[in-house]
Every structure is written in structure tokens, then in C-alpha cells.
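K.L.:
Residue numbers (full-length UniProt numbering): 1 to 284.
1) Could you name the residues that DSSP lists as bridge partners for residue 257?
2) Under a three-way DSSP split, which group does residue 286 fall into?
3) Give the straight-line distance between the Cα atoms of residue 111 and residue 174, rounded to the nearest whole angstrom.
4) Decide if the segment 114-126 is in contact with the segment 219-235; the criterion is three or more beta carbon pairs, one per stretch, under 8 Å apart.
5) Within the segment 73-126, note down every full beta strand (DSSP E) run reaching 3 residues or more, in order along the chain.
6) What beta strand (DSSP E) runs, 3 residues minimum, are completely inside the segment 184-243?
7) In terms of DSSP beta bridges, what is residue 145 paired with?
8) For residue 248, name the three-state secondary structure that DSSP assigns.
9) How many whole angstroms separate the CB atoms of residue 253 and residue 166, which I take to be in contact at a CB cut-off of 8 Å?
10) Just list the residues that DSSP pairs residue 170 with in beta bridges.
11) Per DSSP, which one or two residues make a beta bridge with residue 57?
12) State the start and end residues of the unbroken alpha helix (DSSP H) segment that holds residue 28.
13) Please determine if the segment 70-81 and the segment 5-20 are in contact, where contact requires at least 3 C-beta pairs separated by less than 8 Å.
14) Whose C-alpha, out of 261, 10 and 280, is nearest the C-alpha of residue 99?
15) Determine which residues share a DSSP beta bridge with residue 129 and list them.
16) Alpha carbon to alpha carbon, how far is residue 205 from residue 181?
17) Could you check which residue in 50, 127 and 66 has the C-alpha nearest to that of residue 7?
18) Between which residues of its own chain and residue 160 is the CB-CB distance below 6 Å, once the five residues before and five after are set aside?
19) I'd like to know whether the C-beta atoms of residue 239 and residue 203 end up nearer to each other than 7 Å.
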């Protein structure tokens, strides 16, 4: 009885890197291999081991086939377990510092649970959290991990979740009935603000930016007081607010992608452990 062929974890790591980076060249940089070596690994995986096509190639862009998507789920789980084994048995007391960058949006909603669970496993690791806009985070080179919001078609890194933007105002208030419509929005370098304004312009509804801040808590305080309407990711809307839509003469807003971007030039076991906790935390 012949044994099943095995897949080396290095090959799975390369495969995941290709899926995350959208191409062989950037994946090679991440796993410290040449493009030709990456291509050879994937050719053997497709033709010799699995006998399935895993990629659809369109010029320099690479997308996963349906079979590739199935393998990606298994590959992430296998690499996570592989990492847990080594971290638990070989390095149970890892120490060091991880620098995370994230917009203010996700700090209160997601980070408390993620960091709490991570601290139980790795209590000696120091976490630095830097809150800046997506645009600013993508310009920095000193962060180990960045959580960013991207428009459809501009995704980079690993997808954490997709979410739609929604209009919201405080319960028991009717700021949406005012003309012009008062808005509480992030600063002008936030593309969700541009989405909201463009959508209102397209339907011909008058509005004004009544409150402007880089802080989500500041914007939510304004909205909770009944002073303005805002447009935010649906998961950020608090129980004291209500979602608005066509009934309030407000346009449908697009969906955005929340992505995890790794520093390709500074990988480490500590960083990868935290990345795994972030991925799990955004599923909740």
C-alpha cells in the first residue's frame, strides 16, 4: 500500500506567500527565494504532488483557482499548528517587541481581545501600537505588522475581512433630516470620506463636513450627541446608534477590505505568532 505524498512546510509557506502577495516575485522576497525557485516549487506542487492547477496566471498577477483556495485554507492551518508546536516546545518563553500599526478604527473593536489572548501565550513580548491612517501606515518601514483598509481591487497582504460602509446616527435623533446634511468624518486623506462625499454628490444631496477628526472616538462622541451623521464600517457602529439607508434618502456605500500587511524585510517567529492571533481575532 503506497503512502500519500507529503508537502514540505517550506513549500506551503511559499504557496501562502504567493496568495498573500499576488505574485511570485514579491513572494520570493518574503521567503528569501528567487522567482525561478518559487516557480519550480509551485510547478512540482501542482504537477507532481497534487496534480491540480492551483494558480490562474494573468501577466504578472496570480490568482488562486478553486483548488488553490481549498489548499490555502489547509496551508494556513498546517503552518499555524507547525508554528505552535515549535513555539510551545522550543521557545515557550519568547521575548522581544512587535510593532503594530493600525487606524484608530480597529483599536477598541478588535485589539483588546486579540492582545488579551496573545498575552496569555506570550506574556514576555512587548507590543507597540501605532495609530495612524492607512495612507501613513503604508509609508512606514519600521512596523512589523499593519492593519489597513483598502478599496476593492487595491488589496495587499492577507485579507482579514470584508465589510460594507454604512451611514449611522444616534438613536432617538434625526440629524439626517437636516439640510445640508451634517457629517462627522475622518480627515481628508481617508478614502471612506471620499466615498461618502462622492455618493452624496452623485445623488445631488447637499451636505457639509460639520466635524472632522482623525479619532474615531471623537467622531462617535459627536454622532452620539445627535449632532451629525457618519459613515463607518458596519462592525464599528455602537448599540447607541442606528444604521441609515434608502429610507432616510442616503445612498448605498461600497464594501472595503481590511488587510494585514507584514514587513517583508523583518520577519520573525514573534511577529508571525501575533499575525496569527490577529487573523483569528478579526473572524470574531
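Positions of the beta carbon are idealized from the N, C-alpha and C atoms, including for glycine.
P.N.:
In short, the structure shows the following:
1) For residue 257, which the question treats as bridged, DSSP gives the partners 150 and 162.
2) Residue 286 lies beyond the range of the chain shown here (1 to 284); nothing can be said about it.
3) The straight-line gap from Cα to Cα measures roughly 32 Å.
4) Not touching, per the Cβ criterion.
5) Secondary structure within the segment 73-126: the beta strand (DSSP E) runs of 3 or more consecutive residues, fully enclosed, are 96-102 (chain order).
6) For the segment 184-243, whole beta strand (DSSP E) runs of length 3 or above, ordered along the chain, are 207-213 and 230-233.
7) Looking at the DSSP assignment, residue 145 forms a beta bridge with 100 and 262.
8) Residue 248: helix per DSSP, three-state reduction.
9) Between residue 253 and residue 166 the beta-carbon gap is near 7 Å, inside 8 Å, which marks them as a contact.
10) In the DSSP output, where bridge partners are listed per residue, residue 170 has 241.
11) According to DSSP, residue 57 bridges with 62.
12) First-last of the alpha helix (DSSP H) with residue 28: 24-31.
13) Yes, the segment 70-81 touches the segment 5-20.
14) The candidate whose alpha carbon is nearest that of residue 99 is 261.
15) DSSP lists 100 as the bridge partner or partners of residue 129.
16) The alpha-carbon atoms of residue 205 and residue 181 are separated by roughly 8 Å.
17) Answer by Cα proximity: 50.
18) Excluding residues within five positions, the ones whose Cβ falls inside 6 Å are 258, 260 and 282.
19) The Cβ atoms of residue 239 and residue 203 lie no closer than 7 Å to each other.
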